[in-house]
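Here the structure comes first, spelled out in structure tokens, and everything after it is commentary.
Numbering (this note's numbering), first residue to last: 492 to 641.
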């Protein structure tokens, strides 16, 4: 019979180990983390302890929970000149506009699409879009959405 460990010290240790694995690309961006059950077995802890650790990683933007699928690794390395996720999202959209993937007059991904794609909050998605609006790359049409400036 094994003894199950619980408590804040254990879950923070799990956070540190999983974060290290993500940053060292043992779990590369785009891959799925092991299941909760597998992590419970590996660390010898209760499911709630693993869930607390995973919630911290999700709050840090390292993973995304996909219902009925598991947890997707988003990655551990943000560029140094972009300390905030909204800046990285704005850069990604800007590059799509410059490449022509988002043509003039074309619809820009909605806040909901950005939230799903990047695993961020509504506020973060809005900040990214606001940056592009201030730069004059996109325009918002009330009730219709945002579009690449002609």
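No residue lacks a Cβ here, since even glycine has one placed at the ideal position from N, Cα and C.
8 Å Cβ cutoff met for residue i and residue j
| i | j | result |
| --- | --- | --- |
| residue 541 | residue 505 | yes |
| residue 508 | residue 553 | no |
| residue 605 | residue 580 | yes |
| residue 639 | residue 565 | no |
Assigned secondary structure, residue i (DSSP; H/G/I helix, E/B strand, else coil)
| i | result |
| --- | --- |
| residue 623 | helix |
| residue 445 | For residue 445 there is no data in the structure shown, the boundaries of the chain being 492 and 641. |
| residue 520 | coil |
| residue 506 | helix |
| residue 536 | strand |
| residue 526 | coil |
| residue 551 | coil |
| residue 612 | coil |
| residue 605 | helix |
Residues that residue i bridges to, as DSSP identifies them
| i | result |
| --- | --- |
| residue 556 | 562 |
| residue 541 | For residue 541, which the question treats as bridged, DSSP gives no partner whatsoever. |
| residue 598 | 638 |
Boundaries of the beta strand (DSSP E) in which residue i is found, first to last residue
| i | result |
| --- | --- |
| residue 639 | 636 to 639 |
N- and C-terminal bounds of the alpha helix (DSSP H) containing residue i
| i | result |
| --- | --- |
| residue 646 | Residue 646 is absent from the structure shown; the chain starts at 492 and stops at 641. |
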